[in-house]
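Okay, structure first, notes after.
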Amino acid sequence: MIALPVSACAAGAGPDVEEAAGRFFAAVAAGQGAAACALLTDAAAASLPEPCATSILDAGLRGGPAEEVAVWGSEAQVRLARDTVFLHRGPGGWRVRGAGCRPDGERPYDCEVSG
Amino acid sequence: MIRRNGLSLFFLVIFVLALAGQSIAGLGAYNDDQLGSGGDPVSWGAYVTSADFAVDVAENWQSEYLQFLLFIMVTVWLVQRGSPESKSDGTGDQVRPGSPEWAKTGGLRTMLFANSLGLVMGAAFVLSWYAQSVAGTAAYNREQLSRLQDPVTWPEYVASPDFWDRTLQNWQSEFLAVLSMVALSIYLRQRESPESKPVGAPHGETGTDV
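Note that the protein sequences, when read in sequence, are chains Y and P. Quick note on the numbering used here: the first sequence kicks off at 1 and runs consecutively. Quick note on the numbering used here: the second sequence kicks off at 1001 and runs consecutively.
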């Protein structure tokens, strides 16, 4: 297992965050749209055209190996080889709130899925 | 016991009540923000152990300790220049029966004791300002991530507008309060308060034992 750089107060949450991001991209790669949508926050899922299970697979999301994890409180960011994703920890655990994200200077990342 | 320590106890009680009130009001504001940004409300216990609560508390603490540190040190310097009764530092010929042991022994211990109030206030200021920077980094980064923006390092945060906005908005209010106290106490009185000159004291009288 590769030790990833983790910056956070709660560095212990890093593996959980990385696992959640990994499950999300594994579901997308396997064509399991419903499973991938279940790993989105409600707002992120609602941001996609109905039905979510189809549109999430059409969003062109490709993750790749995780390279860096940052966890600050209930928010996290995972930099992968081909994507940057943002996650939020709610009562149900870590969920993806932003995926397919590209940096946009000082502005918020421009994401295919966000909410 | 209570009567002899009434002043300290009074401020201890209102401090605890105000801190508790801040935690409740802060929780409400924090949860409003959470719901507004698509997040989930948190419990009181989660909020009071969060970086967001810590930075709000620490930024006020550091400015209060800085205020008293400056007041203690600057008035020492001014009094040394203009107030005859305060030119001695309390060691040497002012040592008398009942003086603290460290005031009598001389050397390093007396030097430390003679500056202990400033040293402790200075240490409290530095520690609480550092705590503000650490908690502020965590709170700022949580907000950054919730807005889909990159987190920053501690040095980047200490150089950021957020850190200095929090710091200077507290400093300016403390400095204004000290200025008001120094200037208004020249002409105004509060009967029986040791923070005021006696009611009958001339306006020009300086160095009153307050």
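No residue lacks a Cβ here, since even glycine has one placed at the ideal position from N, Cα and C. Note that the structure is a prediction, hence the values are computed from the model and not measured.
Whole-angstrom distance between residue j and residue i, CA atom to CA atom
i: R1081/P; j: F1071/P; result: Any reading at R1081/P needs caution, since the residue's pLDDT is 34, under 50, leaving its predicted position unreliable; the model's value is listed next. Taking the straight line from one Cα to the other gives about 15 Å.
i: E75/Y; j: T41/Y; result: 12 Å
i: E112/Y; j: C101/Y; result: 6 Å
i: G967/P; j: K1104/P; result: Chain P is shown from 1001 up to 1210; residue 967/P falls before or after that span and cannot be answered.
i: A1051/P; j: P1194/P; result: 39 Å
i: V78/Y; j: E67/Y; result: 7 Å
i: A27/Y; j: S47/Y; result: 19 Å
i: A38/Y; j: G1006/P; result: 59 Å
i: S1086/P; j: E106/Y; result: Since pLDDT at S1086/P reaches only 36, below the 50 mark, its modelled position is unreliable, and the value read off the structure follows with that caveat. If I take the Cα positions, the gap works out to 55 Å.
i: W1171/P; j: S1023/P; result: 22 Å
i: F1011/P; j: G1045/P; result: 25 Å
i: L1184/P; j: P1161/P; result: 33 Å
i: R89/Y; j: V1076/P; result: 52 Å
i: V1118/P; j: Q1034/P; result: Checking the sequence, you will find Gly at residue 1118/P rather than Val. Their backbone Cα atoms lie some 41 Å apart in a straight line.
i: G1039/P; j: M1111/P; result: 54 Å
i: L1108/P; j: S1008/P; result: 30 Å
i: M1001/P; j: P108/Y; result: 59 Å
i: V1199/P; j: N1115/P; result: 32 Å
i: V1182/P; j: L1019/P; result: 28 Å
i: L1017/P; j: G1028/P; result: 17 Å
i: P51/Y; j: T1137/P; result: 39 Å
i: D1165/P; j: P1100/P; result: 42 Å
i: F86/Y; j: D1032/P; result: 21 Å
i: Q1144/P; j: D58/Y; result: 28 Å
i: V1074/P; j: V1057/P; result: 26 Å
i: G1122/P; j: F1113/P; result: 14 Å
i: D83/Y; j: G1021/P; result: 43 Å
i: V1126/P; j: V1152/P; result: 22 Å
i: Q1169/P; j: S1180/P; result: 17 Å
Own chain partners of residue i with C-beta closer than 8 Å, once the 5 adjacent residues on each side are dropped
i: S1133/P; result: W1154, Y1157, V1158 and F1163
i: T1167/P; result: E1059, Q1062, S1063, W1129 and Q1132
i: G60/Y; result: G100 and E112
i: V1178/P; result: Q1067, L1070 and F1071
i: Y1187/P; result: H1203
Chain P contact residues for residue i, given Cβ-Cβ distances below 7 Å
i: S168/Y; result: Any answer about residue 168/Y is impossible in this case: the structure gives chain Y only from 1 up to 115.
i: G115/Y; result: G1038
Chain Y residues whose Cβ lies nearer than 9 Å to that of residue i
i: Q1132/P; result: Here the premise fails: no neighbours, minimum Cβ distance about 15 Å.
7 Å Cβ shell around residue i - same chain, five flanking residues per side excluded
i: P65/Y; result: L80 and A81
i: T54/Y; result: G33
i: F1053/P; result: S1023, G1026 and Y1047
i: P49/Y; result: S55
i: A1124/P; result: Y1065
i: V1095/P; result: A1103 and K1104
i: E1205/P; result: K1197
Test item: CB-CB of residue i and residue j under 7 Å
i: V17/Y; j: V96/Y; result: no
i: W94/Y; j: A45/Y; result: no
i: A1135/P; j: V1042/P; result: no
i: G98/Y; j: L1148/P; result: yes
i: A30/Y; j: I56/Y; result: no
i: V69/Y; j: G14/Y; result: yes
i: A43/Y; j: G92/Y; result: no
i: S1037/P; j: S1146/P; result: yes
i: R1142/P; j: G73/Y; result: yes
Contacts of residue i in chain P (Cβ-Cβ under 9 Å)
i: C111/Y; result: L1148
Neighbourhood of residue i by C-beta, 6 Å cutoff - its chain only, sequence neighbours within 5 removed
i: Q1215/P; result: Only positions 1001 to 1210 of chain P appear in the structure, and residue 1215/P is not among them; the question remains open.
i: A975/P; result: As displayed, chain P neither begins before 1001 nor continues past 1210, which places residue 975/P out of reach and without an answer.
i: D110/Y; result: R102 and D104
i: F25/Y; result: G63
Cβ-heavy atom distance, residue i to the ligand FAD, below 6 Å
i: L1168/P; result: This structure lacks the ligand FAD, and indeed carries no ligand of any kind.
Looking at chain A, which residues of the region 61 to 94 of chain Y have a Cβ within less than 8 Å of any of its Cβ atoms? Of the chains in the structure shown, none is chain A; the protein chains are Y and P.
Note down, in chain order, all residues in the region 22 to 45 of chain Y with a beta-carbon under 9 Å from any beta-carbon belonging to chain P. In summary, the residues of the region 22 to 45 of chain Y whose CB is separated from some CB of chain P by less than 9 Å are T41, D42, A43 and A44, in the order they occur in the chain.
Short of 9 Å Cβ to Cβ, which residues in the region 96 to 109 of chain Y face chain P? Across the region 96 to 109 of chain Y, CB contacts with chain P closer than 9 Å involve R97, G98, C101, P103, E106, R107, P108 and Y109, in sequence order along the chain.
Taking beta-carbon pairs under 9 Å, can you tell me which members of the region 1136 to 1150 of chain P lie near chain Y? For the region 1136 to 1150 of chain P, the residues whose beta carbon sits under 9 Å from a beta carbon of chain Y are, in order, T1137, A1138, A1139, Y1140, N1141, R1142, E1143, Q1144, L1145, S1146, R1147, L1148, Q1149 and D1150.
Please name the residues in the region 1043 to 1069 of chain P whose beta-carbon is closer than 7 Å to at least one beta-carbon of chain Y, in chain order. The residues in question are S1050 and A1051.
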